[in-house]
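Undergrad: Heads up: the sequence lines are chains A and B, in that order.
According to the numbering used here, the stretch in the first sequence is residues 1066 to 1344, in order.
According to the numbering used here, the stretch in the second sequence is residues 28 to 297, in order.
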Amino acid sequence: MKQFRKMVYPYLLWSTVVIAVPMLLILLYAFTSGGNSVSKFMFSLHNFKRFLTDKTFLEVLYRSLRIAVETTVVCVLLGYPAAYIIAKYSEKVKMRWVLVITLPTWINMLVRTYAWTGILQEDGVINSFLGLFGIGPVTFMYTDFAVILGMVYNFLPFMIIQIYTSLTKMDYSLIEAASDLGANPRKCFTKVTLPLSMPGVISGITLVFLPSVSSFCIPRMLGGGSYVMVGTIIESQFLTAGDWNFGSAISLIMAIIIMISMYITKKVDKGEKLEAINA
Amino acid sequence: MSKKKKKIGSTVFMVLMVLFLYAPIIYTMVFSFNEGKSLTNFTGFSLKWYSKMFANKTMMESLFYTIACAVLATAISTVAGTITAIGLSKSRRAVKSVVEQLNQLPIMNPEIVTAIGLLMLFSAIHIEKGFFTMLVAHIMFCIPYVILSVMPKLRTLNPNIAEAAMDLGATPWQALTKVIVPQCMPGIISGALIAFTMSFDDFVISYFVTGNGVSNISILVYTESRRVNPSINALSTLIVLIITVALILVNVIPSIASKKEAKLAVDKDI
Chain A
1066 MKQFRKMVYP
1076 YLLWSTVVIA
1086 VPMLLILLYA
1096 FTSGGNSVSK
1106 FMFSLHNFKR
1116 FLTDKTFLEV
1126 LYRSLRIAVE
1136 TTVVCVLLGY
1146 PAAYIIAKYS
1156 EKVKMRWVLV
1166 ITLPTWINML
1176 VRTYAWTGIL
1186 QEDGVINSFL
1196 GLFGIGPVTF
1206 MYTDFAVILG
1216 MVYNFLPFMI
1226 IQIYTSLTKM
1236 DYSLIEAASD
1246 LGANPRKCFT
1256 KVTLPLSMPG
1266 VISGITLVFL
1276 PSVSSFCIPR
1286 MLGGGSYVMV
1296 GTIIESQFLT
1306 AGDWNFGSAI
1316 SLIMAIIIMI
1326 SMYITKKVDK
1336 GEKLEAINA
Chain B
28 MSKKKKKIGS
38 TVFMVLMVLF
48 LYAPIIYTMV
58 FSFNEGKSLT
68 NFTGFSLKWY
78 SKMFANKTMM
88 ESLFYTIACA
98 VLATAISTVA
108 GTITAIGLSK
118 SRRAVKSVVE
128 QLNQLPIMNP
138 EIVTAIGLLM
148 LFSAIHIEKG
158 FFTMLVAHIM
168 FCIPYVILSV
178 MPKLRTLNPN
188 IAEAAMDLGA
198 TPWQALTKVI
208 VPQCMPGIIS
218 GALIAFTMSF
228 DDFVISYFVT
238 GNGVSNISIL
248 VYTESRRVNP
258 SINALSTLIV
268 LIITVALILV
278 NVIPSIASKK
288 EAKLAVDKDI
């Protein structure tokens, strides 16, 4: 069977060129200045200094993180009950609900985001509905609300499916045992179900936070042209400003922040588990 | 009583959830048949925006590029991914872990990071941005998903069967195509489906690596969304239709095929 081993080599070469080299190029550009000509490369930390000392850039970074955190929190608050309800249904109904939740994710994200622009207009459906009660018109478009709504709309199914999966993998006899030993339903949930479903919540958070913090089409479409997030700065550095060194440095900072937040989330999860064991 | 109340509560919650997930899509589809230009006021039924869409050269071109790119990227990445996955299942651990680490990069990295990396790669080796670069980028991010969906099937495969085939005189090529590949077909098909929809729906990476007037529908929706253009609604409806048909085909064909097989088997028995 060793003859099949050779079948990996073409892909090894391919992935080195199209996956590894681009990452190295980002590192190279981030730590150099002097534009796109290779001969002029010089090592410098100028790009990082520029980002970390400029107040406007830091404000943009703060806003991106805030929007991503708020999106993630809303997704957990909406996604957990949904996953919990689905997990309680019978086997057949469950499968149907999983299909209902995942189906929209197969449809183009741009199309789904675009759909909201008509709904959120000043004379849109929501405002005409609010108008019946004499409220409004409320400005939804081009606000934080519209951007968070767009992100929740796009990423909520990932959260639901992750939590649902961990809930269905759970050993239900543990809950029965807890209630036999005198725990009331609330205690059963907080002491047994919730901790056991934490891995699903954590991977759901990863799947929502990561695309939210780096997204640039949702803020552009629902937040408008002047709504700046980290993703939109990177886009403009590469496609309009043409400062690839600075753009690479921002991407690197963003990637590092994402890695750190993933690390913290995992640590928190582990810490809680240890606490549970010690208790 | 409280149990009943709880049940009503959860039903209401789930109905609202479905409304939230589906209403915007249905809204777009309904307004694609609107007579007027408004996205908020339905004035009457018409197919005007569909005929406008089919007459719009840029829209038809980007639709063509999207489908061509998705079909080519799916075909190439499914074949390449399957070959690599089979090779990986026989490889030494070191090679395996290198490939797995590399594959994690485009999956874990934010799309925009992958996109700018590719943009700089193409410019460094002086390849002009266009359909070719978009296709290369799509193949790049599709293969890891194909490998991921074929690998579990290979792991459950009994290696002795392929050995037995070769002991009985099959060439390695025959062992591959007649024994190994048919056994991981479900994994290959689901890998191809993921690849197709990922390529068909891709925006961020395509947006950075394409050029020279080549765009896909995601890029078109993005650039057109700034002004009111109900043809976009018609295009959206078309996209939803294409994806739905693709999903139905993938779910229906294997079950029809297996039913036919079962029927043939029964016929033979008789």
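We treat Cβ as the ideally placed atom computed from N, Cα and C, and that holds for glycine.
Being a predicted model, the structure only gives us computed values, none of them experimental.
Just verifying my parser: in three-state terms, what is the DSSP assignment at Phe1198(A)?
TA: Reduced to three states, the DSSP call for Phe1198(A) is coil.
Undergrad: If we count the other Cβ atoms within 10 Å of its Cβ and call it buried at 16 or more, is Thr1124(A) buried or exposed?
TA: According to the sequence shown, residue 1124(A) is Glu rather than Thr. Glu1124(A) is exposed by the Cβ-count criterion.
Undergrad: What are the residues of the stretch 205-221 of chain B that lie near chain A, defined by any Cβ-Cβ distance shorter than 7 Å?
TA: Answer set for the stretch 205-221 of chain B: empty.
Undergrad: Is there a Cβ from chain A that is less than 7 Å from the Cβ of Met178(B)?
TA: No - not a single Cβ of chain A is within 7 Å of the one on Met178(B).
Undergrad: Relative to chain B, which residues along the stretch 1138-1149 of chain A have a C-beta separation below 9 Å, given in chain order?
TA: Answer in chain order: Leu1143, Pro1146, Ala1147 and Tyr1149.
Undergrad: Look at Val177(B) and Ala107(B) and say whether their C-beta atoms are less than 7 Å apart.
TA: The answer is no: Cβ separation not under 7 Å.
Undergrad: For the structure I just gave you, are there three or more beta carbon pairs, one from the stretch 241-251 of chain B and one from the stretch 52-71 of chain B, closer than 8 Å?
TA: Verdict: no, contact absent.
Undergrad: Using a Cβ-Cβ distance under 7 Å, would Leu181(B) count as near chain A?
TA: For Leu181(B), the answer is no, since every Cβ of chain A falls outside 7 Å of its Cβ.
Undergrad: Note down, in chain order, all residues in the stretch 82-112 of chain B with a beta-carbon under 7 Å from any beta-carbon belonging to chain A.
TA: Residues passing the 7 Å Cβ filter: Ala107, Ile110 and Thr111.
Undergrad: Any C-beta of chain A sitting closer than 7 Å to the C-beta of Ser78(B)?
TA: By this cut-off, Ser78(B) is not an interface position.
Undergrad: At a CB distance below 9 Å, what residues from the stretch 1070-1096 of chain A approach chain B? Give them in sequence order.
TA: Listed in sequence order: Arg1070, Lys1071, Met1072, Val1073, Tyr1074, Pro1075, Tyr1076, Leu1077, Trp1079, Ser1080, Thr1081, Val1082, Val1083, Ile1084, Ala1085, Val1086, Pro1087, Met1088, Leu1089, Leu1090, Ile1091, Leu1093 and Tyr1094.
Undergrad: Counting contacts by CB-CB distance shorter than 7 Å, is Leu1185(A) in contact with chain B?
TA: Chain B, which has no Cβ nearer than 7 Å to the Cβ of Leu1185(A), makes this no.
Undergrad: Measuring only the C-alpha atoms, how far is Gln128(B) from Met225(B)?
TA: The alpha-carbon atoms of Gln128(B) and Met225(B) are separated by roughly 21 Å.
Undergrad: Apart from the five residues just before and just after Gly157(B), which ones in its own chain have a Cβ nearer than 7 Å to its Cβ?
TA: If we look at Gly157(B) and ignore the five residues flanking it on each side, its Cβ neighbours are Thr237, Gly238, Asn239 and Val241.
Undergrad: Starting from the beta carbon of Tyr1179(A), find every residue of chain B whose beta carbon is closer than 8 Å, and list them in chain order.
TA: Near Tyr1179(A) (Cβ distances below 8 Å), the residues of chain B are Thr55, Val248, Ser252, Ile259 and Ser263.
Undergrad: Between which two residues does the alpha helix (DSSP H) holding Val1273(A) run?
TA: Per DSSP, Val1273(A) belongs to the alpha helix (DSSP H) from Leu1259 to Ser1279.
Undergrad: For Ser1280(A), does the count of other Cβ atoms within 10 angstroms reach 16, so buried, or fall short, so exposed?
TA: Under this definition Ser1280(A) is a buried residue.
Undergrad: Is DSSP giving Ser65(B) helix, strand or coil here?
TA: In the structure shown, Ser65(B) sits in coil (DSSP, three-state: anything other than H, G, I, E or B).
Undergrad: Quick one: what does DSSP say Ser252(B) is sitting in, helix, strand or coil?
TA: If DSSP states are grouped into helix, strand and coil, Ser252(B) belongs with coil.
Undergrad: In the DSSP output, which residue or residues are listed as bridge partners for Ser1098(A)?
TA: Bridge partners of Ser1098(A): Met1107(A).
Undergrad: Mapping the DSSP letters down to three states, classify Phe72(B) as helix, strand or coil.
TA: Here Phe72(B) sits in strand by DSSP.
Undergrad: Rounding to the nearest angstrom, what Cα-Cα distance links Val98(B) and Val1158(A) in this structure?
TA: If I take the Cα positions, the gap works out to 34 Å.
Undergrad: Assuming contact is defined by CB atoms lying nearer than 7 Å, are Ile1213(A) and Gly1144(A) in contact in what I supplied?
TA: Not a contact, by the Cβ cut-off of 7 Å.
Undergrad: So, is the C-beta of Val1008(A) closer than 7 Å to a C-beta in chain B?
TA: The first residue shown for chain A is 1066 and the last is 1344, placing residue 1008(A) beyond what the model contains.
Undergrad: May I ask which residues mark the beginning and end of the alpha helix (DSSP H) holding Tyr1229(A)?
TA: Its alpha helix (DSSP H) spans residues Asp1209 to Lys1234.
Undergrad: Taking Ser1363(A) as the reference, which of Ile1200(A), Ile1325(A), Thr1208(A) and Val1257(A) has the closest Cα?
TA: The first residue shown for chain A is 1066 and the last is 1344, placing residue 1363(A) beyond what the model contains.
Undergrad: With DSSP collapsed to three states, give me the class of Asp194(B).
TA: Looking at Asp194(B) - three-state DSSP - the assignment turns out to be helix.
Undergrad: In chain B, what lies closer than 7 Å to Leu1275(A) by C-beta?
TA: Chain B residues near Leu1275(A): Pro137.
Undergrad: Apart from the five residues just before and just after Leu1126(A), which ones in its own chain have a Cβ nearer than 7 Å to its Cβ?
TA: So the list reads Val1295, once near-sequence residues are dropped.
Undergrad: Residues of chain B with CB under 9 Å from Met1319(A), in chain order?
TA: Under the 9 Å cutoff, chain B gives Pro137, Ile139 and Val140.
Undergrad: Which residues of chain B have a Cβ atom closer than 8 Å to the Cβ of Val1190(A), listed in chain order?
TA: The answer, in chain order, is Tyr54 and Thr67.
Undergrad: May I ask which residues mark the beginning and end of the alpha helix (DSSP H) holding Met1160(A)?
TA: From DSSP, the alpha helix (DSSP H) with Met1160(A) extends over Glu1156 to Thr1167.
Undergrad: Are the beta-carbon atoms belonging to Gly1189(A) and Thr67(B) less than 7 Å from one another?
TA: Cβ atoms of Gly1189(A) and Thr67(B): closer than 7 Å.
Undergrad: Determine, using beta carbons only, whether Met167(B) comes closer than 7 Å to chain A.
TA: Yes, contact with chain A.
Undergrad: Which residue comes first and which comes last in the alpha helix (DSSP H) that contains Asn130(B)?
TA: First-last of the alpha helix (DSSP H) with Asn130(B): Arg120 to Met135.
Undergrad: Look up Asp229(B) in the DSSP assignment and say whether it is helix, strand or coil.
TA: Reduced to three states, the DSSP call for Asp229(B) is coil.
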